[in-house]
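Going by this note's numbering, the first residue of the sequence shown is number 135, and it counts up by one from there. Glycine is no exception: its CB is placed at the ideal position from the N, C-alpha and C atoms. Remember, it's a predicted structure, so these values are computed and weren't measured experimentally.
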Amino acid sequence: DGYYEEYFRKQRRTEATETLASSTRKSTFQFKTAPKKYKKSSTKFAIVGDLGVLRHSKDTLRHLKSNSNDVDFVILAGDISYANGNHKIWDDFFDMLDDLDFFTTKPLF
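Right under this line is the structure:
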């Protein structure tokens with residue numbers, strides 16, 4: 135299909151993620167890299183930042199998901215989770231990202 139490589143990432147399960155996981159949550163994610171050869175086409179990406187486990191962050195991610203066909207990958211630019219040393223908030227933040235099936239097929243940098 136013209137893509138260079140296909141990558142897979144398996145989600146690490148912990149007691150916290152098992153408790154929060156739904157029966158539909160995937161544990162293996164995959165995405166493809168950019169094409170091997172240059173084609174006259176464009177690459178579209180989204181840049182998001184300042185995400186925490188907050189309502190406005192969830193609204194942003196829902197908007198991103200609703201426009202997922204227009205995006206090839208996502209750059210997450212800093213100020214994430216606002217955990218301030220609280221490990222549970224980190225877990226909740228990454229669970230929030232994992233709950234979006236969007237990130238099972240789109241790379242997040």
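Three-state secondary structure assigned by DSSP to residue i
| i | result |
| --- | --- |
| S176 | coil |
| D184 | strand |
| F207 | strand |
| T151 | Residue confidence is low: T151 scores 44 on pLDDT, short of 50, so the model does not pin down where it sits. No coordinate-derived value is stated. |
| T194 | helix |
Alpha helix (DSSP H) segment containing residue i, residue limits
| i | result |
| --- | --- |
| L234 | Counting along the chain, L234 falls outside any alpha helix (DSSP H), and DSSP gives it neither H nor E. |
7 angstroms CB neighbourhood of residue i in its chain, flanking five on each side removed
| i | result |
| --- | --- |
| D226 | V187 |
| L234 | L195, K199 |
Beta-bridge pairing of residue i - partner residues as DSSP gives them
| i | result |
| --- | --- |
| I107 | What the structure shows of the chain is the stretch from 135 to 243, and residue 107 is not part of that stretch, so it cannot be assessed. |
| L242 | V208 |
Same chain, Cβ closer than 6 angstroms to residue i, neighbours up to 5 away in sequence not counted
| i | result |
| --- | --- |
| F236 | K199, S202 |
| A217 | I223, W224 |
| D184 | D213 |
Beta-carbon contacts of residue i that lie in its chain and below 8 angstroms, excluding the five residues immediately before and after
| i | result |
| --- | --- |
| M230 | V187, S191, K192, L195 |
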